[in-house]
Amino acid sequence: MIGREVDFIKLSARQLMTKRLRVALTVVGIAIGVAAVIGIVALGDGIRYQAIETIKAQSDLTLIEVHPKTSEGVTQFITDAGLERLRSTPHVVAVAPVFSDSYTTKRQTFLPVLAVRAEEIDRVVHLRYTEGRPFSPGKMEVVFGSALRDRLQRNEGIRMGDNFTALVREYDEQGMPHDKQVSLILVGALGDRDDQFDRIVLLDMATAADIRGTGQQYDKAFIRVDEVDAVFSVVDQVTAQGLEAAGAFEQIRTVNQFMDAILIVFMLFAAFALVVGGLMITTTMITSVYERTREIGISMAIGASENDVVRMVLYECLLIGIIGGIVGVAFGYIFTVVMNTVGKPFIISRLGTEFSSLFGSEIAKLSPEMMIAGLVIAVVFSLAAGIYPAVKAARMNPVDAIRGFM
Amino acid sequence: MTAAIRTESVTKIFSNHVKALSDVSITIERGEFVALVGRSGSGKSTLMNILGGLDSPSSGSVFFDDMPVDYRNRSNLINLRRRQVGFIFQMFNLIPSLNALENVAYPLLFNYTPKNERNEKAMQLLSLVGLSDRADHLPHQLSGGEQQRVAIARALVADSRVVLADEPTGNLDSKMSAEIYQLMRKVNRERGVTFLVVTHERDLASYCDRTIELRDGMVVS
């Protein structure tokens, strides 16, 4: 049985050889479609990869910030029970709830306070001290972020180990504000981080609660995840609790959404090219069937079934599809090489120096899966394009066909 | 004695109400060489197409070796064409892209014969028709007479017991026509293959055992 199919395929190959130019042009048609599709995907994947790598290099992706969320007038707060559930989520390394407060210095410099538990926050954000040490729990000790520390040292002369007075604004029953004076000691300073920690005052949570005198709701929690790939599943856990997740991962999400949208539009155009290629195959095969009307009639008279005729036409399409797919993948490959050598400097010059990291890597990535997919697409389109001519050939009345009428 | 071909009251009316065959009842014994004659439009080709399973009668029955042909059953008709009947048409009935040997072997492709056997058999038949030295020639490299000899070999390759030839010498000169008839006769005699040959040339009918004449879709003799 397989031998018979091989013979049919050989026969089809022979038929194609008798009209080489026409077949070659058709092959180029379908190949351009395939090349367009895989070229666009390769370029899209490459750009997406580079954008995400750039984000990964520039931001702390495995840090997630959790916020309370208000929807339809109901606020979902961060609760200890909720935090416990997040702690037991796979890939979560540590969870640190915090609350924010704000004090001022005597000279009215604003002090954004982040009340934290020392051991928790350290496991989440890996604080690096350029000077001094972490605060001790329960003491009136504070740590400054690098920018804040520079500013206070320059403007107010607060140095490491200094006692300084902070004003905590409170309101009495009539709503009149008055400031409570609190004496704090600067015991440490953080290194440059390029994030929110540069501008804050870190304070022990128990101390901060004492200063306010009232129990405080967590207004934020930080989560550390062990690997980048797990971030989105942890984010899903957070949102499942009705809370809001924020962080650098949002940039990746934005990049992905953006690239998906662009790719869909581009793929549409590539698909047009494929459809045109498919129509070329249909035209070629209709012409071929028409030219071989007598031949098909005679074949039927001497024993070819309708199935055999369909098969013979479809095998020709299959061969065109395979050749078109291979040529298309080759075109696509050439496209990626050109993009990576000629196109890359151009794109980088447009994007600016922030993307200079692209220089070392490929801007268009053609994966083996994509090559196989290109081949499969070509074959599927070719076979689909052949259905009409094949059925038309098989439906011919052999009596008319032998006389040369379709 | 079982008849190779028997028709009982075969009538064919085309969709445009033209009555091509009217009540045709003929019997062709095994091993006979029969000429089918008649003017154009007399229904010769229609009868050949019905006998070859390419067309179906409006009414009446056809028997091959006393077995009725079921015209409603496609696979039955395909089997008829694959194994029981060999066809020879007028000119240009070879596949242009196949050489002589492949053309002869071509029908065997459809009835699942393995390649070696196909080529062996085709070669035997090519030498039977005297063309073993032309096996690798393409049809356009062969003369009209040679092409028709290839077609005869092809009609015999599936071991069909009946060959239907529709004006096999219509495009050949009289010398070549005679050669073709002599060849068909030889096959008929040596192999016992039954031939039904459409012709409009009276002198060629003399090669045949007997003549069936159609006129306006009816058998006149």
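Those sequence lines, one after another, are chains A and B. Numbers given in the working numbering equal positions in the first sequence, counted from 1, plus 29. Numbers given in the working numbering equal positions in the second sequence, counted from 1, plus 1311. Each residue gets a CB set at the ideal place from its N, CA and C atoms; glycine is no exception. None of these values were measured; they are calculated from a predicted model.
Contact between residue 277 of chain A and residue 84 of chain A holds: CB atoms are separated by about 6 Å, below the 8 Å threshold. The stretch 241-294 of chain A contains, as complete beta strand (DSSP E) runs of 3+ residues, the segments 249-254 and 273-275 (chain order). Between residue 60 of chain A and the set A:378, A:273, A:232 and A:310, the nearest pair of CA atoms involves A:310. For residue 1462 of chain B, the CB contacts under 6 Å within the same chain, skipping 5 residues up- and downstream, are 1399 and 1404 in chain order. Between residue 368 of chain A and residue 77 of chain A, the CB-CB gap reaches or exceeds 8 Å. Burial is judged here by how many other beta carbons sit within 10 angstroms of a residue's own beta carbon; residue 173 of chain A has at least 16 and is buried. Scanning chain A for C-beta atoms nearer than 8 Å to the C-beta of residue 1426 of chain B yields 32 and 36, reported in chain order.
If only complete runs of 3 or more residues are kept, the stretch 1314-1341 of chain B shows the beta strand (DSSP E) at 1314-1324, 1330-1335 and 1338-1340, in order along the chain. For residue 132 of chain A, the uninterrupted beta strand (DSSP E) run begins and ends at 121-134, by DSSP. Residue contact check for residue 333 of chain A against chain B: a CB pair falls below 8 Å. Here residue 1478 of chain B is buried, its C-beta having at least 16 other C-beta atoms within 10 Å.
Looking at A:426, A:274, A:346 and A:400, the one whose alpha-carbon comes closest to that of residue 415 of chain A is A:346. Its Cα nearest to that of residue 31 of chain A, the residue B:1420 stands out among B:1384, B:1458, B:1420 and B:1347. In terms of Cβ geometry, residue 1314 of chain B and residue 1528 of chain B do not form a close pair [threshold 8 Å]. Proximity of residue 1422 of chain B to chain A, defined by a Cβ-Cβ separation below 8 Å, is satisfied.
Remark: C-beta atoms of residue 226 of chain A and residue 219 of chain A approach each other more closely than 8 Å. Annotation for residue 197 of chain A: 132, 208, 209, 211 and 240 place their beta carbon closer than 7 Å to its own, counting only its chain and skipping 5 residues before and after. Interface criterion met: the Cβ of residue 428 of chain A is under 8 Å from a Cβ in chain B. Assignment of beta-bridge partners to residue 344 of chain A by DSSP yields no partner.
Of the residues assessed, residue 237 of chain A falls on the buried side of the cut-off, its CB having 16 or more other CB atoms within 10 angstroms. A straight-line Cα-Cα distance of about 20 Å links residue 122 of chain A and residue 248 of chain A. Three or more Cβ pairs closer than 8 Å define a contact, and the stretch 406-423 of chain A meets that threshold against the stretch 48-63 of chain A. Taking 7 Å as the upper bound on Cβ-Cβ separation, chain A lies near residues 1363, 1365, 1366, 1389, 1392 and 1393 of the stretch 1361-1394 of chain B. As for any beta strand (DSSP E) of minimum length 3 sitting wholly inside the stretch 123-193 of chain A, the runs are 139-145, 158-161 and 170-173, ordered along the chain.
Contact check for residue 154 of chain A against residue 251 of chain A passes: the beta carbons are separated by less than 8 Å. If the five residues before and after residue 129 of chain A are omitted, its C-beta is found closer than 8 Å to the C-beta atoms of 141, 142, 143, 144, 248 and 249, all from its own chain and listed in chain order.
Taking C-beta atoms as the reference points, residue 430 of chain A and residue 323 of chain A count as a pair closer than 8 Å. Under the three-state reduction of DSSP, residue 200 of chain A is assigned to strand. Residue 348 of chain A has its alpha-carbon roughly 21 Å from the corresponding atom of residue 362 of chain A. Every alpha helix (DSSP H) of 4 residues or more that sits fully in the stretch 1388-1462 of chain B is shown, in chain order, as 1411-1421 and 1426-1439. Straight through space, the alpha carbons of residue 87 of chain A and residue 394 of chain A are spaced by roughly 22 Å.
Within the stretch 205-238 of chain A, the complete beta strand (DSSP E) segments at least 3 residues long are 206-219 and 230-233, listed from N- to C-terminus. Residue pairing from DSSP leaves residue 97 of chain A without any beta-bridge partner.
As the crow flies, the alpha-carbon of residue 1406 of chain B is around 11 Å from that of residue 1418 of chain B. If you draw a straight line from the Cα of residue 36 of chain A to the Cα of residue 1428 of chain B, it is about 13 Å long. Chain B has no Cβ within less than 8 Å of the Cβ of residue 83 of chain A.
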